[in-house]
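The next block holds one structure in the form of structure tokens; read it before the comments.
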């Protein structure tokens, strides 16, 4: 069906509420099409490249086929095949070398190089046909009969050749020697030489202006101790010198131009290096008018070290773009790219791109632009112990668009030389060492813009126009293509097998093979099939790599096509639209006491100050911030360097680059704000204190932070997409040491949400849970019971956090209900956050624009800021109860939720309620209740029985697509697996509570229909220090469909692979001096869910009365039991619930004036 396309904006539905319009965006994808090695250069590593009219790349360098070095030409076609090569044979035992090449509109190549004549070097100029056949050559031996070395070549409109270089004169050292050669026959038309003071002159570049005049630039010596920039202008017809201009920098050191450009008005711009104050070097840029009068001069001096300019170009607006490098005080270098206004020399922006280690090297070499003003730089940088060739692109405003690094298979050194841009193709050439031999290498990159145009459906949900996210069965995709990380986009036939394409066409009526297709899980391959969980278990990772983004024809309705092709299960596991989400919007630190009261005030805070006496956060705890990025240069994260910040890793999943490559890694500020609440350095005498910020004075920087950036960069709507967030979640939670995939995070913070549930997002959050990674999410800012994802996925998967205000109660905007867990401060009177644009700034307001483009200042309020406070509290608990700290195991997600929800500050009304959940986080209380020597959590369970009890030939319904089994009716065999586990602790220790851990379990229920949800029942028998637990779970073997089609698949796995896991909460009674109010810690209900009866366990400190009450979801009292004169210790009561309707109930246990609550599910 044809659809109506329209653009709307949902204002402030879920996110950080701002009045701004959603605008279209594009995400840049980059393929490495090929790399070709050609030639083995000698001691001279000159190389130059040009493109012919057919897109073939011509390169000139040198080659050593027999020990000699020849001028070497190589022609590579657009698909990476070598079409022809030409070795210009040298004399024995000499090293000739190529320098420059240009191509005319007929495909002829004009080259220059240095050729030895037996006594000295000459200019060697040659013309080759489109097929590499020599047409003519010319060898120039200058008047000094000594060495002549060309440096550059240019063609005029009639394809005459102009070459300049350095040539020894008769009574001089080297001169600028410029030749004009007839392009038709190779005859010399004229020769002009320039020498200022009979001292060395080194020509470096040559250009022709709009009137046909020839400009030559180079270094011209006044004496043997200094040189000047010199520009000489010649009449193109006869070679007569028209003008010359020299410029020496203060200090009269060695100045060396590197490259020159001429604009449409014939103004000349020369970039190079000024060595005016040895050993200091500065980048130097000069502008000349057509008569060579200097208009302005600009320098870049980073920190008094060596700074050099190498490449310059003009963009489509006539602005100047330069690149080079600057040396830092650390000794490392940054690749510098800057934009200048040509009329004034004013610097519009400058970017300094660092190496991953601050003391290492990053240097820009050459720069080009395209017709859209995008900038492309080829550079070299130290990465993981080797020098790599790094190519990247900025937009016209200097924001990083993409970055690609090339490291040869031998892990040798790679150095950049040249870059060419032809529409969406980028060609980079340099030198690559395979560990022993240098080679000339050319890499071709191709780019494609993935359109992210928002449209709004009838429910008000925004999604990407024409895009479908399709999860294919692994048998449907071409795995070799999936495993090519450098191949990120193409057409669907590149990724999917022909039989699947045929099925899609038959189903929909249109051809799918040529549809634009993009990988979603760009950094994942088929080898990434397992993950090591945070508890050390090895689990199978879902085949997320089989998910692709496909753009269907504009005339078709996305949802109708998704529904249609979803019937092709199992070839199509699911198909869905790609939806937008929005970001919810006593230490000595200077701003702590005045601005961070939400950390310590008992009326509205989370009781962190007293918790810091017990735990401050440790570096072995890794927290990922899934947000707009983190300004890792901020002073409250470290010293501002990539090696000195506590933000130790991460990725930008929109731009597909490292945050350490970005000049502004957080354009929005939301991520910097949230991450600071988690982990800003504590006790560093400045700024604020993050909850898990360590103790700098004691040498502890606290939890590690990871910048997992998921925004659509530059969008004022603070948006992300499910196709961007899901890969980040999966990679953050995974850890595969064999392939290097995954970050192995312990905690993920998500301060964003969407009202739309999708398979790709749900499965990503489930994978996080199965990796025992704690997932913290903000509830939303709707002020009602709106369902937002990911916060409202299964309760056990997510710690869902709402916001309290200065009263300590729920903030009016905080979304409630639907398994809300706890509250944390979410109004800016309770905290201050870090500034993303000022490395020493702290803010409680954020500047934005309204729908009319006017500046507005917004309070930093929202559940966005409650969630990171909860994540920080989790990081403290995780740092404490950790195998690195002497505990038997790390905390699982279920453990964390049990402690955060149980040991909290209750917010009226007493017990659990929909608006405030279990209450407000009390970090100190929760930490106190899990600390050795008095308390600890012991993980138990697993598998100790491979005997399964079968029940054959059951007719069942599979409720949804599971494990390759489509939803429908089947015949199946059911297997019951029962395990019994025994744990014996020290005589002074008592098991005071227990809970199941589905995150480490594999098994489903015996219920029909089969949902695939993890389930097991368990029966604990606890006698002080002895815990005997019997668990029962099931699996199904689907044999055939009810129409007799063979299936033979397990749900969820075979009996031998089933596991049941649980946690035991243990108290050591021999330890005294700690508050004994652990009522809720012993409160446990099982089985839960249940369809017949429940057992309620709890622990009493003294002889007392207790009361158990059950309420339905509306708050109506269903049952009440009063138990009088109960002895101290473990208590148990069984209640029949078989008569109750299926649904959610609340069980309250009252002892004295304490009331604690837990939810019950009757099914």
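Numbering (my numbering), first residue to last: 6 to 1168.
C-beta atoms are modelled at their ideal positions from N, C-alpha and C, and glycine is treated no differently.
Treat the numbers as computed from the prediction; the structure is a model and nothing was measured.
Three-way DSSP call (helix, strand, coil) for residue i in this model
i	result
residue 683	helix
residue 814	coil
residue 650	strand
residue 204	coil
residue 694	coil
residue 620	coil
residue 483	coil
residue 1025	strand
residue 727	helix
residue 235	strand
residue 973	strand
residue 676	helix
residue 734	helix
residue 1158	coil
residue 1019	coil
residue 1150	strand
residue 928	helix
residue 713	strand
residue 70	coil
For residue i: DSSP bridge partner residues
i	result
residue 802	The partner list for residue 802 (beta bridge, DSSP) is empty, contrary to what the question assumes.
residue 908	DSSP lists no partner for residue 908.
residue 1098	1141
residue 380	374, 399
residue 4	Here the chain covers residues 6 to 1168 and nothing more, so residue 4 does not appear.
residue 1169	The structure shown does not extend to residue 1169, since the chain spans only 6 to 1168, so no value can be given for it.
residue 456	31
residue 1131	1109
Residue i burial status per 10 Å Cβ neighbour count (16 or more: buried)
i	result
residue 1158	exposed
residue 11	With a pLDDT of only 30 at residue 11, under the threshold of 50, the placement of this residue in the model should not be trusted, and no figure is reported.
residue 522	buried
residue 286	buried
residue 270	exposed
residue 349	exposed
residue 991	exposed
residue 1060	buried
Under 8 Å between C-beta atoms of residue i and residue j
i	j	result
residue 1145	residue 1103	no
residue 318	residue 339	no
residue 553	residue 475	yes
residue 1182	residue 970	The shown model of the chain, from 6 to 1168, leaves out residue 1182, and the question about it has no answer.
residue 293	residue 236	yes
residue 1068	residue 1000	yes
residue 437	residue 145	no
residue 909	residue 748	no
residue 432	residue 419	no
residue 1033	residue 987	yes
residue 225	residue 251	yes
residue 710	residue 873	no
residue 455	residue 403	no
residue 828	residue 808	yes
residue 229	residue 347	no
residue 422	residue 374	no
residue 779	residue 936	no
residue 1099	residue 1142	yes
Extent of the continuous alpha helix (DSSP H) run through residue i
i	result
residue 773	764–775
residue 566	563–570
residue 873	868–885
heavy atom of the ligand PLP below 7 Å from residue i C-beta
i	result
residue 248	Here there are no bound small molecules, and the ligand PLP is not part of this structure.
Continuous beta strand (DSSP E) stretch holding residue i: start and end
i	result
residue 495	494–496
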